[in-house]
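Take a look at the structure set out below.
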Amino acid sequence: MDKTRRRGAPAPSRIAAIAALCAGLTLALAPGRAGAEWFKGNTHCHTSASPDSSTPIESLMSWYKDNGYDFVVLTDHNAYTTQAALNALRDARGRALVDADFLLIPGEELTTSQHHINGIDLPARVAPASSISAAFELIWANGGLPQLNHPEYNFLQSRDIIEEVSEMSGPMFLEIFNSHPIVIERSGPSSEDIWDGVLSTGRLMWGVAVDDAHTLVQGDRPPGGGFIFVDAASRDKAAILDAMERGRFYASTGAQLADFSHTRSLYDVDAPGATEIVFIGGNGAVLERVRGDFASYRFRGDERYVRARVSSPEGFAWTQPVFVDALPPNEAPTASISASTARGPAPLAVEFDGGASGDVDGQVVTWRWDFGDGGVGRGEVILHQFEAPGRYTVELTVFDDQGEPGRETLDVEVLAEGVDPEPSPTPEPEGQPEGQPEGQPEPDGQPEAQPDEAEPNPDPRGSVGQVRNEGCAQAPGPGRSGGPGWLAALLIAALIGRSIDARGRGRV
Ligand SMILES: [Zn+2]
Ligand SMILES: [Zn+2]
Numbered sequence: 054m055d056k057t058r059r060r061g062a063p064a065p066s067r068i069a070a071i072a073a074l075c076a077g078l079t080l081a082l083a084p085g086r087a088g089a090e091w092f093k094g095n096t097h098c099h100t101s102a103s104p105d106s107s108t109p110i111e112s113l114m115s116w117y118k119d120n121g122y123d124f125v126v127l128t129d130h131n132a133y134t135t136q137a138a139l140n141a142l143r144d145a146r147g148r149a150l151v152d153a154d155f156l157l158i159p160g161e162e163l164t165t166s167q168h169h170i171n172g173i174d175l176p177a178r179v180a181p182a183s184s185i186s187a188a189f190e191l192i193w194a195n196g197g198l199p200q201l202n203h204p205e206y207n208f209l210q211s212r213d214i215i216e217e218v219s220e221m222s223g224p225m226f227l228e229i230f231n232s233h234p235i236v237i238e239r240s241g242p243s244s245e246d247i248w249d250g251v252l253s254t255g256r257l258m259w260g261v262a263v264d265d266a267h268t269l270v271q272g273d274r275p276p277g278g279g280f281i282f283v284d285a286a287s288r289d290k291a292a293i294l295d296a297m298e299r300g301r302f303y304a305s306t307g308a309q310l311a312d313f314s315h316t317r318s319l320y321d322v323d324a325p326g327a328t329e330i331v332f333i334g335g336n337g338a339v340l341e342r343v344r345g346d347f348a349s350y351r352f353r354g355d356e357r358y359v360r361a362r363v364s365s366p367e368g369f370a371w372t373q374p375v376f377v378d379a380l381p382p383n384e385a386p387t388a389s390i391s392a393s394t395a396r397g398p399a400p401l402a403v404e405f406d407g408g409a410s411g412d413v414d415g416q417v418v419t420w421r422w423d424f425g426d427g428g429v430g431r432g433e434v435i436l437h438q439f440e441a442p443g444r445y446t447v448e449l450t451v452f453d454d455q456g457e458p459g460r461e462t463l464d465v466e467v468l469a470e471g472v473d474p475e476p477s478p479t480p481e482p483e484g485q486p487e488g489q490p491e492g493q494p495e496p497d498g499q500p501e502a503q504p505d506e507a508e509p510n511p512d513p514r515g516s517v518g519q520v521r522n523e524g525c526a527q528a529p530g531p532g533r534s535g536g537p538g539w540l541a542a543l544l545i546a547a548l549i550g551r552s553i554d555a556r557g558r559g560r561v
């Protein structure tokens, strides 16, 4: 027993660690991608080391390499090939099979008449065990990962698996698709139904698809029928197995995903080219059926678990389940206010923008404003005019998609009418653009200045004062009509407000 291995012997501390891992199972499906790409692999195949295969190992592994696989786990029946021997394999042209783009992982299919169980990444041959639970223990004890193969082929039902593994703590895998023709022909519950039966008891098994290849002959038991895509940080054994243990992979017969992930409130599946995405919950219930290649499922709370099956012209894909009871508590949203200005003479029109508000585990869906002068409003961006001088505390309350609030305030100071809030040492060159002779061509030959260029001012402080005054002078009020000039001034005020913001004066 080698305790330096990544998944060493199940010492008490390790069992506690695994139990802790399993208690927080759904955290495994963390939002976002860990790695740069999805690595394609197969965790179940046979060569001439198995009694029911005569395929040379070099031929089979060359096929996987030539067909775009990143890694393969060799799992001969009760037979084992060492990592060193796998690494030394050469193709028909004498080139090394294992290289920076292709990885082979040693394993074994622990085979009895009752069940077939893969030990993935074993250090040596392991004798088959009499029960599923004993085999799992043996595989974990040797630092490997257990995968229960083709349950329907062995006439196993959910309850047979549950009886064995419900009390066990540790990462485990279940074949939910196996393209071996005899497995496919078996009647009775499908592997996917069996998976739902196990998951419905709260026992997590990650679902894998495999080809169980024995030959390269089409119509027999060829490679390529089922595989997994793993979101690993890099194409090396430790990273790939670590991602698999955390459920950062999906099973496939051809459909490919850009990503699947979840937050506290949503389970997202992004599958370019897919025709349908079905969300499935406890006892295999269809929760939602979405036509198209992107779907976002909102947790209700009573589903037990949520997983997805994707259909595309290339085949199916199955994402890993999330247990709804174990979702982390909601995090409150963060409110953030920016204002076009925070100080100026009455009447002062201010554009407030709550667009920088956010929610780490969902989204902001409602913005409510209390302007402190008796006025209230709703919306991400809102315009409010303060009529009377005074100091007002504007409060923004945002609500996330779970209805939880977040707040921020911003003080606005409204000065007496006509007061320049920040006299400029050099008077504004008022009316300068209009002061130019009409129709006089620009030196560079431009016939007309653009509207935005009609307010040039290298001094931002000067600009603020100018635009504020202009905006207020043209603000629509009783007996006044708002026109394009008013809108343009507001737009400019908003833009300049952002420059105030950048200098830290317009925001708390
Ligand atoms: Zn088998
Ligand atoms: Zn097999």
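For what it's worth, the working numbering labels the leading residue of the sequence shown as 54, then goes sequentially.
C-beta atoms are modelled at their ideal positions from N, C-alpha and C, and glycine is treated no differently.
Starting from residue i, trace the beta strand (DSSP E) in both directions and tell me its first and last residue.
i           : result
residue 236 : That residue, residue 236, is in no beta strand (DSSP E); its alpha helix (DSSP H) goes 234-238.
residue 312 : 312-315
residue 333 : 329-333
residue 163 : 156-164
residue 137 : Premise fails: residue 137 lies in the alpha helix (DSSP H), 136-140, not in any beta strand (DSSP E).
residue 94  : 90-95
residue 473 : Here residue 473 belongs to no beta strand (DSSP E), and DSSP marks it neither H nor E.
residue 274 : From DSSP, residue 274 is part of no beta strand (DSSP E); its letter is neither H nor E.
residue 404 : 401-406
residue 324 : Taken as a continuous stretch (DSSP letters only), residue 324 belongs to no beta strand (DSSP E), as it is neither H nor E.
residue 124 : 124-127
residue 449 : 443-453
residue 169 : 169-173
Considering only the beta carbon of each residue, do residue i and residue j sit closer than 8 Å?
i           : j           : result
residue 405 : residue 392 : yes
residue 327 : residue 368 : no
residue 436 : residue 390 : no
residue 117 : residue 276 : yes
residue 372 : residue 313 : yes
residue 452 : residue 288 : no
residue 298 : residue 381 : no
residue 247 : residue 204 : yes
residue 221 : residue 253 : no
residue 106 : residue 267 : yes
residue 362 : residue 331 : yes
residue 283 : residue 291 : no
residue 158 : residue 126 : yes
residue 210 : residue 170 : no
residue 306 : residue 278 : yes
residue 433 : residue 420 : yes
residue 344 : residue 388 : no
Please check the pair residue i and residue j, which I expect to be a contact at CB under 8 Å, by giving their CB distance rounded to whole angstroms.
i           : j           : result
residue 439 : residue 467 : 4 Å
residue 184 : residue 144 : No, residue 184 and residue 144 are not in contact; Cβ-Cβ is about 40 Å, not under 8 Å.
residue 176 : residue 202 : About 20 Å separates the two Cβ atoms, so there is no contact after all.
residue 398 : residue 286 : Rounded, the Cβ-Cβ distance is 58 Å, inconsistent with contact.
residue 407 : residue 449 : 5 Å
residue 310 : residue 321 : At roughly 10 Å, the Cβ-Cβ gap does not stay under 8 Å, so residue 310 and residue 321 are not in contact.
residue 140 : residue 163 : Incorrect: roughly 23 Å between the Cβ atoms, too far for contact.
residue 172 : residue 197 : 4 Å
residue 269 : residue 101 : 12 Å between Cβ atoms; not a contact.
residue 458 : residue 409 : In fact, because the Cβ distance is near 17 Å, the residues do not count as touching under 8 Å.
residue 129 : residue 103 : 4 Å
residue 414 : residue 318 : 7 Å
residue 124 : residue 293 : 6 Å
residue 333 : residue 249 : 7 Å
On the DSSP letters alone, give me the boundaries of the alpha helix (DSSP H) that residue i sits inside.
i           : result
residue 113 : 110-119
residue 435 : From DSSP, residue 435 is part of no alpha helix (DSSP H) but of the beta strand (DSSP E) over 434-439.
residue 390 : Looking at the DSSP string, residue 390 is not in any alpha helix (DSSP H), and its letter there is neither H nor E.
residue 253 : 244-253
residue 298 : 290-298
_Pairs of beta-carbons, one from the stretch 251-263 and one from the stretch 228-240, closer than 8 Å: are there three or more?_
yes
*Flag this pair as touching only if the stretch 373-388 and the stretch 345-357 have three or more C-beta atom pairs under 8 Å; answer yes or no.*
yes
*Entirely enclosed alpha helix (DSSP H) segments - the stretch 191-225, minimum 4 residues*: Qualifying alpha helix (DSSP H) stretches, in chain order: 211-218.
*When the Cβ atoms of the stretch 242-258 are set against those of the stretch 88-100, are three or more pairs found closer than 8 Å?*
no
_Whole runs of the beta strand (DSSP E) within the stretch 337-389, excluding any shorter than 3 residues_ = Listed in chain order, they are 339-344, 347-351, 358-365, 368-371.
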